[in-house]
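Comments concern the structure below.
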Amino acid sequence: MDFFERLGDFFTSATALVEGGIRKVFGSSNEREITRIGFKRDSAGVTQIVPSSVLDRINQLEPDYEKLSDGELKQTATKMRARLADGQTLDDILPEVFAAARESGKRYLKMRHYDVQMVGGYILHTGRIAEMMTGEGKTLVATLPAALNAIAGHVHLVTVNDYLAKRDMEWMGPLHMGLGLSVGAIQGSMAPHERHPMYLCDITYGPNNEFGLDYLRDNMKKR
Numbered sequence: 004m005d006f007f008e009r010l011g012d013f014f015t016s017a018t019a020l021v022e023g024g025i026r027k028v029f030g031s032s033n034e035r036e037i038t039r040i041g042f043k044r045d046s047a048g049v050t051q052i053v054p055s056s057v058l059d060r061i062n063q064l065e066p067d068y069e070k071l072s073d074g075e076l077k078q079t080a081t082k083m084r085a086r087l088a089d090g091q092t093l094d095d096i097l098p099e100v101f102a103a104a105r106e107s108g109k110r111y112l113k114m115r116h117y118d119v120q121m122v123g124g125y126i127l128h129t130g131r132i133a134e135m136m137t138g139e140g141k142t143l144v145a146t147l148p149a150a151l152n153a154i155a156g157h158v159h160l161v162t163v164n165d166y167l168a169k170r171d172m173e174w175m176g177p178l179h180m181g182l183g184l185s186v187g188a189i190q191g192s193m194a195p196h197e198r199h200p201m202y203l204c205d206i207t208y209g210p211n212n213e214f215g216l217d218y219l220r221d222n223m224k225k226r
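Just so we're on the same page, the working numbering is the position in the sequence shown counted from 1, plus 3.
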């Protein structure tokens, strides 16, 4: 090993040591962001919700949404659209919509979004990637940003094949419909006149290739 190789190894080790020290003191950027959202876990694995955080505000609303009738819960989309029309933003209504989605999941799916899933939903809403292992509830997490953004406009949820698009629509559809949102799914076998109503829904599930092909077909028709 020559001098420059040894020097390179030295700087690599030194950099790793410094980064490790910084991470111990300040935590990683991901950890800091998750803490900012409201979920904090210490070295012993004990978790706590940060007071006045986004996650805390969502959790504080849970008892209120539990008291709503099914009909009142179904007015969520209409009420939140009115608030957007009055000048509020999606971030302003996020705690209420996430809390409503949690309640709808409990009623119609018998599934409750955990705090970490709320964090995942928030991260997706802000346009970032949330890595989750198999079985950690990716499909359920996706209902949170989907419901929120569907209030402002149409949302496309992309899957890898027809089966998953249909399955996820049928599985998660009751949650969305419980909030007053419409849901549809694109299938490869559908004719153009069958696809159009699906795209008019607030939330449309579909395979990536079908969304891409429909986009190309639409552009060809416009020319």
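Backbone N, C-alpha and C define an ideal beta-carbon position, used for all residues, glycine too. All figures in this text were calculated on a predicted structure; none of them were measured in a lab.
- Between M114 and V144, the alpha-carbon positions lie close to 11 angstroms from each other.
- Distance from L147 to A104 at the Cβ level is roughly 6 angstroms; contact confirmed, criterion being Cβ atoms closer than 8 angstroms.
- In terms of CA proximity to V122, L58 leads the group T92, L58, M136 and R220.
- Cβ contact annotation for V161 (same chain, cutoff 6 angstroms, sequence separation greater than five): N211, in chain order.
- Shown here, A188 sits in a strand according to DSSP, grouped into three states.
- Beta-bridge annotation (DSSP): T50 is paired with R44.
- In this structure, I206 places its C-beta atom within 8 angstroms of the C-beta atom of A153.
- When C-alpha distances from S56 are compared across V49, D67 and K43, the shortest belongs to K43.
- The C-beta distance from L76 to L182 rounds to 7 angstroms, short enough to fall under 8 angstroms.
- The DSSP-derived three-state label of L112 is coil.
- Annotation: G209 is outside any alpha helix (DSSP H); the continuous beta strand (DSSP E) that includes it extends over I206 to P210.
- Note that the C-beta distance between L97 and L64 is not below 8 angstroms.
- Counting only runs of 3 or more residues that sit fully inside the region 98-158, no beta strand (DSSP E) segment turns up.
- For the 8 angstroms CB-CB criterion, M175 and T142 form a contact.
- As the crow flies, the alpha-carbon of I40 is around 9 angstroms from that of I52.
- For Q63, the enclosing alpha helix (DSSP H) has its first and last residue at V57 to E69.
- Look at L160 here: in three-state DSSP terms it is strand.
- For G74, the enclosing alpha helix (DSSP H) covers residues D73 to L76.
- Distances from the alpha-carbon of H159 to those of Y125, G215 and E36 put G215 closest.
- Looking from the CA of P195, the closest CA among R170, R131, I126 and D221 belongs to D221.
- With 16 or more other CB atoms across the displayed protein chains lying within 10 angstroms of its CB, S107 is buried.
- A direct Cα-Cα distance of roughly 42 angstroms separates S32 from R198.
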